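Enquirer: Residue numbers (this note's numbering): 1 to 486.
Structure provided below as structure tokens; questions to follow.
So this is what it looks like as structure tokens:
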């Protein structure tokens, strides 16, 4: 029985994943369960907030405000939690205590904030949900930030990191198959008296799932030996002391890390280029392909969404294989290149002459987000190695928290910009299927062109990203020599 796994790279030579670097399938699955919990919480609170409007008749503006305000705190709490996690020392490790406690508190608070009292004023519900959400997002951060950081350090192997992130991304995507059914569940007359009662029970189910599944990574996954990671610098290289000064110094150092900024920029462009026009395809399908027929357009859009979900599951593992064969940078070029083909195909396949052609671009476009989040986590782990070589510190928490904060901030900006772009096309809902030809053309250009251009620029950023497989292995060897490991 061999103790290594061989991967053939693009250059034809064999790279070996040592047995000690491999993560057993069961542990990958357990880490993936954490992603399911993480994504489920994010999707649930976003999908269930409609209850405040439809069930409690809150003003939509207040609903939007109460949804957005708690997320602004992430700008501080995410990096702060990353810093705290990076600098924690317990016999259970740096990450696991926070993952364990964060899952329990997040699950409890989420269940409680949806037990909405009846017959209260609009402002009562606003403050009740705002205060509850602040506590929830704080507990959510305590769970999610160390959980993400844990994934970056579970293995030092260049390719095994990508395999782990593929499993994580695959299982995390399952949350988005469940989330569309939440509204159906909450307003089901056969189960509940009204939507408010349905939301209360759904929150209890999600909260219990968060508690009992979210603690599993903390129980069953092992962190690396911290004694070999905290070796003090013997030169004039950077070091980070604990405390407020250390937090700001580490934060600034992270933002100066050029490879990391390349990854953040590429993610911002690919993800938010897609999100900026995420609703455009529905408008183009309904008002161009089906001349304003909302029912028929929604049906075809639903089929496209279903195909997209299943395509993404397949893309995740295709991307992991491409990374093994060609390296992460080339895999990124291939995946995003295929998504660019998909965006370009929209111009030709979204046609009234044959509506079923709208399905053709879908599998290509799936390579965008499916490939992006499979590769980015693995590449950030490589950046953390390069950072340790310079700073003598492991700062996965800081890197992960800033990366995901950039994603969340960019998504908020993209969704807001999408509304302005739609308005700029001249779209008028009162015209129904009688939109002007100029409006239709501008909508189609935005739908296909914005994510296409963003993706091309993202490829340019990864062209200058300096860490390839050879570099990553050299950095690892230097780190292990410095730590005294064989």
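Ideal placement from N, C-alpha and C gives every residue a C-beta, glycine not left out.
All of these numbers come straight from a predicted model, not from anything done at the bench.
(1) Can you find the residues in the same chain that come closer than 7 Å, C-beta to C-beta, to residue 284, ignoring five residues on each side of it along the sequence?
(2) Helix, strand or coil: which one does DSSP assign to residue 18?
(3) Between 308, 399, 345 and 371, which has its C-alpha nearest residue 333's C-alpha?
(4) Going by DSSP in three states, residue 213 sits in which element: helix, strand or coil?
(5) Near residue 122, which residues of its chain fall below 6 Å by C-beta distance, leaving aside the five closest residues on each side in sequence?
(6) Report the residue ranges of all alpha helix (DSSP H) runs contained in full by the segment 358 to 442; include only those spanning at least 4 residues, in chain order.
(7) Taking the alpha-carbon positions, what's the residue 295 to residue 138 distance?
(8) If you follow the alpha helix (DSSP H) that residue 169 is in, where does it begin and where does it stop?
(9) Check residue 464 in the structure and name its three-state DSSP category.
(10) Considering only residues of the same chain and omitting the five flanking positions on each side of residue 178, which have a CB-CB separation below 8 Å?
(11) How about the segment 102 to 110 and the segment 359 to 368: do they share at least three Cβ pairs that are nearer than 8 Å?
(12) Pick from 219, 84, 45 and 184: whose alpha carbon is nearest that of residue 136?
(13) Can you check which of these residues, 420, 396 and 390, is closest to residue 482 by C-alpha distance?
(14) On the criterion of 16 or more Cβ atoms from any shown chain inside 10 Å, does residue 435 qualify as buried, or is it exposed?
(15) From residue 263 to residue 211, what does the alpha carbon distance come to, in whole angstroms?
(16) Roughly how many angstroms separate the alpha carbons of residue 340 and residue 451, rounded to a whole number?
(17) What's the C-alpha gap between residue 356 and residue 425?
(18) To the nearest whole angstrom, what separates the beta carbons of residue 169 and residue 373, a pair I think is in contact under 8 Å?
(19) By Cβ distance below 6 Å, which residues in the same chain neighbour residue 115 in space, the five residues on each side in sequence not counted?
(20) With a 10 Å radius around its C-beta and 16 neighbouring C-beta atoms as the bar for buried, classify residue 463 as buried or exposed.
(21) Terminal residues of the continuous alpha helix (DSSP H) containing residue 30?
(22) Using the three-state DSSP reduction, which class does residue 483 fall into: helix, strand or coil?
(23) Within 10 angstroms of its Cβ, does residue 35 collect 16 or more other Cβ (buried), or is it exposed?
(24) Does the separation of the CB atoms of residue 487 and residue 86 fall below 8 Å?
(25) Are the Cβ atoms of residue 204 and residue 404 separated by less than 8 Å?
(26) Only counting the same chain, and skipping five residues up and downstream in sequence, which positions put a Cβ closer than 6 Å to that of residue 100?
(27) Once you ignore the five residues that flank residue 411 on each side, which residues in its own chain have a CB closer than 8 Å to its CB?
(28) Kindly indicate which three-state DSSP category residue 226 falls into: helix, strand or coil?
(29) Residue 255 lies in the alpha helix (DSSP H); which residues open and close that run?
(30) Within a Cβ cutoff of 6 Å, which residues of the same chain sit near residue 162, ignoring the five residues on either side of it in sequence?
(31) With 16 other CB atoms within 10 Å as the buried threshold, where does residue 196 fall?
(32) What span of residues does the alpha helix (DSSP H) with residue 94 cover, start to end?
(33) State the DSSP-derived secondary structure class of residue 350, mapped to helix, strand or coil.
(34) Just tell me which of 382, 359 and 153 has its CA closest to the CA of residue 258.
(35) Around the Cβ of residue 206, are there at least 16 other Cβ atoms within 10 angstroms (buried) or fewer (exposed)?
(36) Curious, which full-length alpha helix (DSSP H) runs of at least 4 residues does the segment 262 to 319 contain?
Expert: Answer, in terms of the structure:
(1) Here the set comprises 350, 443, 444 and 447.
(2) Residue 18: strand per DSSP, three-state reduction.
(3) Closest option to residue 333, judged by alpha-carbon separation, among 308, 399, 345 and 371: 371.
(4) DSSP places residue 213 in helix when its eight states are reduced to three.
(5) Same-chain partners within the cutoff: 58.
(6) The segment 358 to 442 contains these whole alpha helix (DSSP H) runs: 361 to 391 and 396 to 424.
(7) Per the coordinates, the alpha-carbon of residue 295 lies some 41 Å from the alpha-carbon of residue 138.
(8) According to the DSSP assignment, residue 169 belongs to the alpha helix (DSSP H) that extends over 158 to 173.
(9) Collapsing the DSSP output to three states places residue 464 in coil.
(10) Within the same chain, residue 178 has close Cβ partners 40 and 43.
(11) No: the two stretches stay apart, fewer than three of their Cβ pairs being nearer than 8 Å.
(12) If we check each option's Cα against that of residue 136, 45 comes out closest.
(13) Comparing C-alpha distances from residue 482 to each of 420, 396 and 390 shows the shortest one belongs to 390.
(14) Residue 435 is buried by the Cβ-count criterion.
(15) Taking the CA atoms as reference points, residue 263 sits about 32 Å from residue 211.
(16) Residue 340 and residue 451: Cα-Cα distance of roughly 8 Å.
(17) Cα to Cα, residue 356 sits roughly 25 Å from residue 425.
(18) The pair is a contact, with the Cβ atoms about 5 Å apart (cut-off 8 Å).
(19) 200.
(20) Label assigned to residue 463: exposed.
(21) Boundaries of the alpha helix (DSSP H) around residue 30: 25 to 48.
(22) If DSSP states are grouped into helix, strand and coil, residue 483 belongs with the helices.
(23) Answer is buried; the Cβ neighbour count reaches 16.
(24) No answer is possible for residue 487: the residues shown for the chain start at 1 and end at 486.
(25) Contact: no.
(26) In chain order, 215 and 218 place their CB closer than 6 Å to the CB of residue 100, counting only its own chain and leaving out the 5 sequence neighbours on each side.
(27) Contacts found: 271, 272 and 275.
(28) With a pLDDT of only 49 at residue 226, under 50, the local geometry of the prediction cannot be trusted, and no value is derived from it.
(29) Residue 255 -> alpha helix (DSSP H) spans 244 to 255.
(30) Closer than 6 Å at the Cβ level, and outside the excluded window around residue 162, lie 320, 323 and 378.
(31) So residue 196 counts as buried.
(32) Residue 94 -> no alpha helix (DSSP H), and no H or E assigned at all.
(33) DSSP places residue 350 in coil when its eight states are reduced to three.
(34) 382 is the residue among 382, 359 and 153 whose C-alpha sits nearest the C-alpha of residue 258.
(35) Counting other Cβ atoms within 10 Å of its Cβ, residue 206 reaches 16 or more and is therefore classed as buried.
(36) Here the runs fully enclosed are 280 to 284.
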